């Protein structure tokens, strides 16, 4: 029991835990949202989402960690005054990462569901708009504040002891 408690404390305080929590939560919400608006609410469709959910989480984590976040940070370093004078970094970085992730995921989604979108470009654009304008408020007004509060309380309740 002590080893489980120790492991959970270590995981809670791990530096990559928050990104994993953000991505896992956002993928669950957005995958469910995208499935429901296209196919309706059914157990069969949600079961399919649950099957591919771990793969999407891993894909998005890798996409964010190795492609979109480094690209966004490079853009911020290359144009520091243009971006950060108008929008604070804690807003602009996640917004641009979400923008790039949505752009890439909607290419894949539109192509995978070609029977729904015979015209690729118009289907892609429609998917992108529907997803982007849901993902941004969901992240900034629901997911981020909720997870930050939960993790803050958990870290206070279960501090990482160096014993």
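Residue numbers (the working numbering): 4 to 166. We put the CB at the ideal spot given by N, CA and C, even for glycine. Predicted, not measured: the structure shown is a model, and the values here were computed from it.
Hey, quick one: how far does the alpha helix (DSSP H) through residue 96 stretch, first residue to last?
Its alpha helix (DSSP H) spans residues 92-115.
On the premise that residue 113 lies in contact with residue 130, defined as a C-beta separation below 8 Å, what is that separation, rounded to the nearest angstrom?
5 Å between Cβ atoms; contact.
Are there three or more Cβ pairs, one per stretch, closer than 8 Å when the segment 91-110 is compared with the segment 63-70?
Yes, the segment 91-110 touches the segment 63-70.
Could you give the distance in angstroms between the alpha-carbon of residue 6 and the alpha-carbon of residue 145?
Going from the Cα of residue 6 to the Cα of residue 145 covers about 33 Å.
So, helix, strand or coil for residue 45, using DSSP?
Reduced to three states, the DSSP call for residue 45 is coil.
Do residue 16 and residue 150 have their C-beta atoms within less than 8 Å of each other?
No, these two residues do not count as a Cβ contact at 8 Å.
Specify whether the segment 43-63 and the segment 83-97 touch according to this definition: at least 3 beta carbon pairs, one from each stretch, less than 8 Å apart.
Result no; under three Cβ-Cβ pairs closer than 8 Å.
By the DSSP assignment, the alpha helix (DSSP H) with residue 132 in it spans what residues?
Looking at the DSSP string, the run of the alpha helix (DSSP H) that includes residue 132 is 123-140.
Please determine, among 8, 26, 9, the residue with the shortest C-alpha to C-alpha distance to residue 143.
Minimum Cα distance to residue 143 is reached at 26.
Among 56, 24, 19, whose alpha-carbon lies nearest the alpha-carbon of residue 35?
The residue with the shortest Cα to Cα distance from residue 35 is 56.
Counting only the same chain and skipping the five closest in sequence on each side, list residues whose C-beta sits under 7 Å from that of residue 120.
Taken in chain order, the residues that qualify are 113, 126.
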